[in-house]
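Residue numbers (my numbering): 919 to 1409. Everything below concerns the one structure shown next.
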């Protein structure tokens, strides 16, 4: 195979911190290179450099044998390099077919020929999506698929995909893999970042492991075990949590939902949640989970026959109502995160009621608490005064969860809490979750990862077409039975 991309000695500094420490790698035409590593290993920074979003401090990049140093995203695209980043960056006002045709990039012209080609790409992909739907009405996973199809429309010679499948279910992963394999058969080269080790083993021709800003190992997928890849990523073995049993003894019912319905999305949903319990909630896209969670946290509306918190009838019309009732919510959207990126780690982790005017001694004490928490959570930062935006995605997620842990809420609703974070950070999040339930917090965990649900949840609810279609205790549930219920096969 002809060498498409050559990177030698690539260095990138963020302020005082060296993020890329002499990266060397190659990609050939018709090759998929899987890139894995823990949060903070430097993967996204590498992609940003190759996509022209940021400039390296030193090093050599050759594309097709020619020097390559793009001055921005548009320059990279003109030279045949396309990227789908973790933060997708789609124009929310476009329709699906316009977004695929990349009108927000300024090319091609808004012509019927371009629209028709975009429609054909969408139809050939097998994605069930109305081409005239506005992007802002799509769920995150659907927007990620549009991003991949937009890349297909552009037909670059080098494609960079950074955690595009983080929010995908198994069918969507298979669909995107099919699209990528088709592009590779046409001679494209791909760098594919994912935290899903099984996924990269099934897709990639080679697997590169990044750690501490360098490429540390290279593996052949069919010859390497998952445990060996994980050990290379973290230089330690990651223990998998065992399945939880039933919650010990009778526990107080903290949430009761009966007959939750909406005009679109929910139909007669009923369940209860107990203190110290992790209740899983899963299903395919648009099964009704988002509508249910939105109603419980005051972000959407629903009609309830009964809605009780700790035995008392309640109404939840706003996020403030939910918080005042002791309900916390960790969202799967970037909205809250975007607002916090320029806040320091220290300020983000300090207690909500901390008064910065309370005096020097109290501030020193608060900072010591933050430093201890950073160490306990294994958050990688050279300084607790660093901005949250300088942290890896996994560390940002741990900080968001830690804020709710301090709030001492009775009920915590988690919406895909480990999406896009590495297996090591997942273990840290699991430890935090276990600490919460040990002190009596009830957790409603929404996730599309069946393995995660089986490892973490005492009971699991499966939704389909706005209804709860299965209720399984952990000891009786399997990935097959959960997926069967979600798909609508015989239970």
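Note that the Cβ used here is the ideal one computed from N, Cα and C, for glycine as well. All figures in this text were calculated on a predicted structure; none of them were measured in a lab.
Outcome for residue i when other beta-carbon atoms lying within 10 angstroms are tallied against a minimum of 16
i, result
"residue 1153", "exposed"
"residue 1057", "exposed"
"residue 1400", "buried"
"residue 930", "buried"
"residue 1195", "buried"
"residue 1181", "exposed"
"residue 988", "buried"
"residue 1087", "buried"
"residue 949", "buried"
"residue 1212", "buried"
"residue 1242", "exposed"
"residue 1236", "exposed"
"residue 985", "exposed"
"residue 1286", "exposed"
"residue 1264", "buried"
Beta carbon of residue i nearer than 8 angstroms to that of residue j
i, j, result
"residue 1234", "residue 1216", "yes"
"residue 1061", "residue 1338", "no"
"residue 955", "residue 1129", "yes"
"residue 1363", "residue 1405", "no"
"residue 1133", "residue 941", "yes"
"residue 1381", "residue 1218", "no"
"residue 927", "residue 976", "yes"
"residue 1183", "residue 1209", "yes"
"residue 1068", "residue 952", "no"
"residue 1173", "residue 1378", "no"
"residue 1313", "residue 1297", "yes"
"residue 1015", "residue 1049", "yes"
"residue 1340", "residue 1151", "yes"
"residue 1017", "residue 1066", "no"
"residue 1077", "residue 1111", "no"
"residue 1140", "residue 1149", "no"
"residue 1359", "residue 1327", "yes"
"residue 1131", "residue 960", "yes"
"residue 1244", "residue 1227", "yes"
"residue 1095", "residue 1121", "yes"
"residue 1220", "residue 1185", "no"
"residue 1347", "residue 1315", "yes"
"residue 1059", "residue 1085", "yes"
"residue 1393", "residue 1372", "no"
"residue 1170", "residue 1193", "yes"
"residue 1039", "residue 1070", "yes"
"residue 1144", "residue 1116", "yes"
Top-ranked residue by Cα proximity to residue i, from the options
i, options, result
"residue 997", "1178, 1082 and 1072", "1072"
"residue 1198", "1368, 944, 1012 and 1019", "1368"
"residue 1002", "1098, 1127, 1288 and 943", "1098"
"residue 1162", "1313, 1402, 1356 and 1239", "1356"
"residue 938", "945, 1033, 978 and 923", "978"
"residue 1345", "1306, 1141, 1294 and 1330", "1294"
"residue 945", "1088, 1193, 1105 and 1265", "1105"
"residue 1323", "1353, 1306, 1334 and 1394", "1353"
"residue 1248", "1375, 1075, 959 and 1365", "1365"
"residue 1090", "1029, 1046 and 1232", "1046"
"residue 1142", "1156, 1131 and 1127", "1127"
"residue 1055", "1035, 1008, 1037 and 1087", "1008"
"residue 1222", "1214, 1288 and 925", "1214"
"residue 958", "943, 1114 and 936", "936"
"residue 1250", "985, 1318, 1306 and 1119", "1318"
"residue 1262", "1032, 1305 and 1320", "1305"
"residue 1074", "923, 1335 and 1396", "923"
"residue 1019", "1191, 1010 and 1035", "1035"
"residue 925", "932, 964, 947 and 933", "964"
"residue 1387", "943, 1320, 1189 and 1037", "1189"
Opposing strand residues paired with residue i [DSSP bridges]
i, result
"residue 1456", "The structure shown has nothing for residue 1456, since the chain only spans 919 to 1409."
"residue 1052", "1013"
"residue 1071", "Answer is none; residue 1071 lacks a bridge partner."
"residue 984", "981"
"residue 955", "1128"
"residue 1001", "1078"
"residue 944", "924"
"residue 1305", "1262"
"residue 1174", "1190 and 1226"
"residue 976", "929"
"residue 939", "929"
"residue 950", "1108"
"residue 1283", "According to DSSP, residue 1283 bridges with nothing at all."
"residue 1179", "1221"
CB contact below 8 angstroms: residue i versus chain D
i, result
"residue 1011", "Considering every chain present, this structure includes no chain D. It has just one protein chain."
Segments of 4+ residues assigned as alpha helix (DSSP H) that fall wholly inside the segment 1191–1235: Positions of the alpha helix (DSSP H) runs, each at least 4 residues long and wholly inside the segment 1191–1235, are given as 1207–1214 in order along the chain.
Ranges of the alpha helix (DSSP H) found wholly within the segment 1317–1403, counting only runs of at least 4: Within the segment 1317–1403, the runs of alpha helix (DSSP H) that reach at least 4 residues and sit entirely inside it are, in chain order, 1341–1356 and 1368–1374.
Completely contained beta strand (DSSP E) runs for the segment 1082–1156, where each covers 3 or more residues: Under the rule that a run must span 3 or more residues, the beta strand (DSSP E) segments found entirely inside the segment 1082–1156 read 1107–1111, 1124–1129 and 1132–1137.
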